[in-house]
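First residue of the first sequence: 11, per my numbering; consecutive thereafter. Think of the CB as a built atom: it goes at the ideal place given N, C-alpha and C, for glycine as much as any other residue. Okay, so here's the structure we're looking at.
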Amino acid sequence: MGKKIGLAAYLIDDPVQGALFFLGKKLAVKDPKGNIAGIIMETEAYGRAEDKACHGYGNRLTPRNKIIFQQGGITYVYFCYGMHHLLNFVLGPEGVPMAVLIRGVIITEGKELVKPRRKGIPEHQWADGPGKVTKTMGITLADNGISLIGERIWVEESGLEVPDSEIERTPRIGVDYAEEWAKKPLRFVWKKAINRLCLL
DNA sequence: CTCTCGATTAGCT
DNA sequence: GCTAATCGAGAGA
11 MGKKIGLAAY LIDDPVQGAL FFLGKKLAVK DPKGNIAGII METEAYGRAE DKACHGYGNR
71 LTPRNKIIFQ QGGITYVYFC YGMHHLLNFV LGPEGVPMAV LIRGVIITEG KELVKPRRKG
131 IPEHQWADGP GKVTKTMGIT LADNGISLIG ERIWVEESGL EVPDSEIERT PRIGVDYAEE
191 WAKKPLRFVW KKAINRLCLL
């Protein structure tokens with residue numbers, strides 16, 4: 011097991027730096043039957059009050075989004091489109107809405123636990139989307155607002171180096187309503203992760 | 001209370 | 001490329 015990522019990394023005061031930092035790290039979830047883990051290969055940066063795509067836009071506080079105003083180091087899980095749960099890591103100091111959306115993971119551990127719930131789906135498509143990440147890893151609203159330095163969900167060093175040259179930047183997905191913020195390149199994809207993992 | 005729409009996905013054309 | 005599925009959050013009355 012790799013070294014668990016500590017609180018300091020989550021207190022980073024910049025969602026872009028955070029989104030980049032977590033690429034190539036290992037996301038782990040403790041399931042009653044064993045751990046499920048995988049390498050994070052796609053993220054999106056959301057944040058600060060001026061980001062029109064962020065749930066904390068304009069610092070408006072609601073029962074749902076209050077989590078992202080808390081100090082970094084906890085999860086922000088919310089329900090979307092009536093059927094999907096989306097996982098974020100809350101970042102930054104308390105009072106500033108900032109988070110990284112985990113959009114893609116390559117499952118490396120606990121595959122035998124995943125198989126039954128992703129029946130008939132090829133392995134490389136198990137968690138190649140934000141809704142699929144939570145479904146594959148068994149993350150639900152019950153995991154909203156919990157510590158990322160805890161025993162249920164955490165992030166570890168993977169030992170993988172992610173060169174800047176292998177990170178693709180694109181606009182974020184599904185935020186067309188966010189006007190000028192819809193176009194900003196705040197989505198980060200490490201496409202070569204799959205190749206790299208084949209060598210392990 | 002009512003209405004709109006979403007940080008998506010799967011399946012079909 | 002298009003859209004149904006599906007329901008709660010958020011805004012406004």
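Three-way DSSP call (helix, strand, coil) for residue i in this model
i              : result
valine 124     : helix
tyrosine 91    : coil
valine 26      : helix
glutamate 171  : coil
isoleucine 131 : coil
alanine 19     : helix
asparagine 154 : coil
isoleucine 77  : helix
Beta strand (DSSP E) segment containing residue i, residue limits
i             : result
leucine 96    : 94-100
threonine 118 : 108-119
threonine 180 : 177-180
arginine 197  : 197-200
Those residues which DSSP pairs with residue i across a bridge
i              : result
tyrosine 86    : Asn98
lysine 14      : Glu166
isoleucine 159 : Trp164
Span of the alpha helix (DSSP H), counted from its first residue to its last, around residue i
i              : result
glutamate 190  : 190-193
valine 143     : 140-147
isoleucine 204 : 203-208
Legend entry - Inside the stretch 30-71 only - beta strand (DSSP E) runs reaching at least 3 residues: 36-41 and 44-57
Legend entry - Touching by the beta-carbon criterion (3+ pairs, under 8 angstroms), the stretch 133-152 and the stretch 81-90: yes
Legend entry - Segment contact, 8 angstroms Cβ cut-off, at least three pairs: the stretch 90-105 with the stretch 16-26: yes
Legend entry - Segment contact flag, the stretch 130-147 with the stretch 172-181, C-beta cutoff 8 angstroms, min 3 pairs: no
Inset, instruction - Could you say if the stretch 106-119 and the stretch 40-58 meet the contact criterion of at least three C-beta pairs nearer than 8 angstroms? - result: yes
Legend entry - Given 8 angstroms, three or more beta-carbon pairs between the stretch 185-203 and the stretch 63-79: yes
Legend entry - Touch test, the stretch 24-40 against the stretch 158-174, Cβ-Cβ under 8 angstroms, three pairs minimum: yes
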